[in-house]
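Below is one structure, written out as structure tokens, with a few remarks after it.
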Amino acid sequence: MSVLKLKPAGKDYLWGGRRLIEEYGKEYEGDVLAETWELSCHPAGPSVITNGAYAGKNLQQYIDAEGKEVLGTNCRRFREFPILTKFIDARDNLSIQVHPDNRYALKNEGQYGKTEMWYVMDAGKEAFLYYGFKREVSVEEFEERIEKDTLLEVLHAVPVQKGDVLFIESGTIHAIGKDILIAEIQQNSNVTYRVYDYGRVGKDGKKRDLHIEKALAVTRRVPIMKDKSSYPHIADCDYFTVDKLNLDGNVMKKMEGNLSGASFASILMLDGEGTITSGDETVPYRKGDSFFLPAGSGSYIVEGSCDALITTIREKAAPVRIGINIGVRDTRIGLVDIHQELLTCETMKTNAERPAEEVIREIGQRTLALLERQGIPVDQCVCAGIGVPGTVDRRKGVVRYSNNIKWKQVELAKLMSEYLPIPVRVANDADCAALGEAAAGAGRECRDLVMVTLGFGVGGGVILDGEICAGKNIGGNEVGHMVIVENGEECTCGRRGCLEAYASARALIRDALAATGQKMTPEEIFEGAASGDLRLKKVVDGYAGKLGTGLVNIVNIFRPQLVLLGGDLSRQAETLLPSLRRMMKEGCFGGEDSEYPELGISALGNKAAVIGAASLV
3 MSVLKLKPAG KDYLWGGRRL IEEYGKEYEG DVLAETWELS CHPAGPSVIT NGAYAGKNLQ
63 QYIDAEGKEV LGTNCRRFRE FPILTKFIDA RDNLSIQVHP DNRYALKNEG QYGKTEMWYV
123 MDAGKEAFLY YGFKREVSVE EFEERIEKDT LLEVLHAVPV QKGDVLFIES GTIHAIGKDI
183 LIAEIQQNSN VTYRVYDYGR VGKDGKKRDL HIEKALAVTR RVPIMKDKSS YPHIADCDYF
243 TVDKLNLDGN VMKKMEGNLS GASFASILML DGEGTITSGD ETVPYRKGDS FFLPAGSGSY
303 IVEGSCDALI TTIREKAAPV RIGINIGVRD TRIGLVDIHQ ELLTCETMKT NAERPAEEVI
363 REIGQRTLAL LERQGIPVDQ CVCAGIGVPG TVDRRKGVVR YSNNIKWKQV ELAKLMSEYL
423 PIPVRVANDA DCAALGEAAA GAGRECRDLV MVTLGFGVGG GVILDGEICA GKNIGGNEVG
483 HMVIVENGEE CTCGRRGCLE AYASARALIR DALAATGQKM TPEEIFEGAA SGDLRLKKVV
543 DGYAGKLGTG LVNIVNIFRP QLVLLGGDLS RQAETLLPSL RRMMKEGCFG GEDSEYPELG
603 ISALGNKAAV IGAASLV
């Protein structure tokens, strides 16, 4: 079933009328029907499917069952279903109100803000609505006029007629006037701050609440400049694109469309009757009907006589992605553009001995501050990716266990979403580093590569056919914890003989201390070996031998095009690479008769995991 007909949820707000019941055939038992939520996954009023295998299920249940692929790739940047479409029958004036933007709403209300558009379906001869201010007003004047009931004197009253379109960006003060019928497409939110309500009372006999303090915080107090044309669309923004369809049944009696995997389509019938055909399926429509066509449906045909609004979700303009790499000592936060270029990056101390919630809070707050300093609104960001050492449940965004930063069962994606109002994805940090090199670094030309990160621990990321290879189970690839010496040195994971227990910076420092009695940095160890210290040369040779054993094992399993070394110890490439290449040539199965991979060094350094994390969505 690729054409889903929807039954709306009804709302009986006190200013509503009965036109939606009497003229549009909406089923409702009450005396007043102010709004019908035609395409809705909002918990306050979900729309219900009336045909096909999912008849009786609501739209969100359908999406949960079929997967988010039905929404299209352009919707991956949204944490929730992106839009809500309505019919609104204003028998009386609606309250003067304003909607917050995403950042304010998520911080204060726990849901998205609201940008919306109105299409006037019908209006009385004297009908008008309020849309912004006549002139700029100060916050003091705004507050005073609310208190003294003189706010209407400075609002812009706009006469309207059938066919008018208004775009109401978040922060715009507005109100629908009486005797107007409207189709509304908006962000999937129900956050409204009421500023003035004509002294009306609700069903409980009390005056309805106003939200003055919040309205003062979010309202743009300047006249609205006429927006540039959205041609060929009647409305177009990062949240929705709306097109008007008119079939007169004579000259224009058929429209053929095509839905790729980029976006679903919502078709809202304002008038007329006819059929919608997709594949072998034909569904009739009439005035007031609402339909959902999933992404990837292919060609469809609308026939008959109709006025309709078709809503899709386009690709975000100039998107920015957030990449975060949480390390044992340092955490890096970066902003990445569509060309995989790192726009900016800053470093903070992780201080992982703190509770995880405290670390996450600081990262979230610093990320928001970085965006503010760069002049990039949160709305411009399509996703945030986080790389973290340890075992990660990527589907749920949970760090199951990290021996290096001592986290266990940390709901990282959920906790970070409290600060960043965008989809948050989590992966192992080494996977992120490998993905970053494949996307923008030394592996840009390769579809299959393995990256081994050599730092405080040893991590590994495997990229096969351009995607992170993490297996079907939770955990992904932990190449640092393959055993290369039976019953060998104890590893941080609790086992013995792991590659990390021999090829990490910690292991190198341990072995140098045992050989010389001195605690040295990795740089000092390699410098000493190069200067002729036989004790340190033996330590470095042993280190290279163990690392080479691990690399040969990796190659024999995955057979990649490229093996990259990353992390702090990869700076010693000039010393390490000759012996490692020799071991790979000699140890890889098939030897010279087989194809063994190139061995190289990360081109992006500590930027790799940041760029890779930003590429998780």
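When we follow our numbering, the leftmost residue of the sequence shown carries the number 3, and every step to the right adds one.
In this text, a Cβ means the ideal position worked out from N, Cα and C, and glycines have one as well.
Who are residue i's beta bridge partners in DSSP?
i           : result
residue 188 : 86 and 118
residue 268 : 294 and 313
residue 286 : 277
residue 631 : The chain is shown only over 3 to 619; residue 631 falls outside these bounds and no answer can be derived.
residue 586 : DSSP lists no partner for residue 586.
residue 602 : 566
residue 195 : 100
residue 404 : 409
residue 245 : 312
residue 302 : 259 and 280
residue 183 : 91 and 124
residue 436 : The partner list for residue 436 (beta bridge, DSSP) is empty, contrary to what the question assumes.
So residue i is in the beta strand (DSSP E); what residue range does that whole segment cover?
i           : result
residue 63  : It is not in any beta strand (DSSP E) - residue 63 instead sits in the alpha helix (DSSP H) that spans 61-68.
residue 568 : 564-568
residue 324 : 322-328
residue 344 : 344-351
residue 413 : Run containing residue 413: none; DSSP gives neither H nor E here.
residue 429 : 426-430
residue 530 : It is not in any beta strand (DSSP E) - residue 530 instead sits in the alpha helix (DSSP H) that spans 524-532.
residue 256 : 256-261
residue 332 : 332-338
Which whole-angstrom value describes the C-beta separation of residue i and residue j, a residue pair presumed to lie in contact below a C-beta threshold of 8 Å?
i           : j           : result
residue 35  : residue 66  : That pair is no contact at about 29 Å.
residue 427 : residue 387 : 5 Å
residue 116 : residue 188 : 6 Å
residue 93  : residue 19  : 3 Å
residue 309 : residue 274 : 6 Å
residue 481 : residue 471 : No, residue 481 and residue 471 are not in contact; Cβ-Cβ is about 11 Å, not under 8 Å.
residue 458 : residue 508 : 6 Å
residue 162 : residue 131 : 6 Å
residue 277 : residue 87  : The Cβ separation is near 21 Å, so there is no contact.
residue 589 : residue 554 : 4 Å
residue 99  : residue 195 : 6 Å
residue 549 : residue 599 : The pair is not a contact, with the Cβ atoms about 15 Å apart (cut-off 8 Å).
residue 318 : residue 384 : 5 Å
residue 406 : residue 494 : 7 Å
residue 74  : residue 362 : 30 Å between Cβ atoms; not a contact.
residue 348 : residue 372 : 6 Å
residue 364 : residue 5   : Not really, about 49 Å apart at Cβ, beyond 8 Å.
residue 546 : residue 582 : 6 Å
residue 64  : residue 85  : No, residue 64 and residue 85 are not in contact; Cβ-Cβ is about 16 Å, not under 8 Å.
residue 62  : residue 193 : With a Cβ gap of about 19 Å, residue 62 and residue 193 do not count as contacting.
Does residue i get closer than 8 Å to chain C when you measure Cβ to Cβ?
i           : result
residue 307 : Judged by its chain identifiers, the structure shown contains no chain C, having just a single protein chain.
Since residue i is in the alpha helix (DSSP H), which residue starts that stretch and which ends it?
i           : result
residue 537 : 536-560
residue 355 : Note, residue 355: premise wrong, no alpha helix (DSSP H); not H, not E.
residue 106 : 104-110
residue 614 : 610-616
residue 100 : No alpha helix (DSSP H) contains residue 100, which is instead part of the beta strand (DSSP E) from 98-100.
residue 220 : 214-220
Would you say the beta carbon of residue i is closer than 7 Å to some non-hydrogen atom of the ligand FAD?
i           : result
residue 332 : As presented, the structure is devoid of all ligands, the ligand FAD included, so that no description of it is given.
(request) List in chain order: all unbroken alpha helix (DSSP H) runs of 4+ residues lying wholly within the stretch 7-77. (result) 21-24 and 61-68
(message) What ranges does the beta strand (DSSP E) occupy inside the stretch 443-507, keeping only unbroken runs of at least 3 residues that lie completely in it?
(response) Counting only runs of 3 or more residues that sit fully inside the stretch 443-507, the beta strand (DSSP E) segments are 451-456 and 460-466, in chain order.
(message) Closer than 8 Å is the cut-off here; do at least three beta carbon pairs connect the stretch 283-299 with the stretch 259-272?
(response) Short answer: they touch.
(message) Restricting to runs no shorter than 4 residues, where is the alpha helix (DSSP H) found entirely within the stretch 127-176?
(response) 141-150
(message) Measuring CB atoms only, is the stretch 169-182 touching the stretch 247-257, in the sense that at least three cross pairs come out at less than 8 Å?
(response) No, because fewer than three Cβ pairs between the stretch 169-182 and the stretch 247-257 fall closer than 8 Å, the two stretches do not touch.
(message) Across the stretch 429-446 and the stretch 602-612, are there enough close Cβ pairs to call them in contact, namely three or more that are closer than 8 Å?
(response) yes
(message) Taking 8 Å as the cut-off, does the stretch 443-463 touch the stretch 562-571 (at least 3 CB pairs, one atom from each stretch)?
(response) yes
(message) Ignoring anything shorter than 4 residues, give me the alpha helix (DSSP H) runs that lie fully in the stretch 357-401, in order along the chain.
(response) 358-376
(message) Across the stretch 119-134 and the stretch 177-197, are there enough close Cβ pairs to call them in contact, namely three or more that are closer than 8 Å?
(response) yes
(message) Does the stretch 441-454 come into contact with the stretch 401-416, if we say contact requires no fewer than three beta-carbon pairs (one atom in each stretch) closer than 8 Å?
(response) no
(message) For the pair the stretch 104-111 and the stretch 300-309, tell me if three or more CB-CB distances fall below 8 Å.
(response) Short answer: they don't touch.
(request) Taking 8 Å as the threshold, find out whether the stretch 335-343 comes into contact with the stretch 390-405 through three or more Cβ pairs. (result) no
(message) Whether or not the stretch 151-162 and the stretch 135-142 are in contact is what I'm after, with contact meaning three or more pairs of Cβ atoms, one per stretch, closer than 8 Å; do they touch?
(response) yes
(request) Count the C-beta pairs between the stretch 320-333 and the stretch 30-50 that are closer than 8 Å, then say yes if the count reaches three, no if not. (result) no
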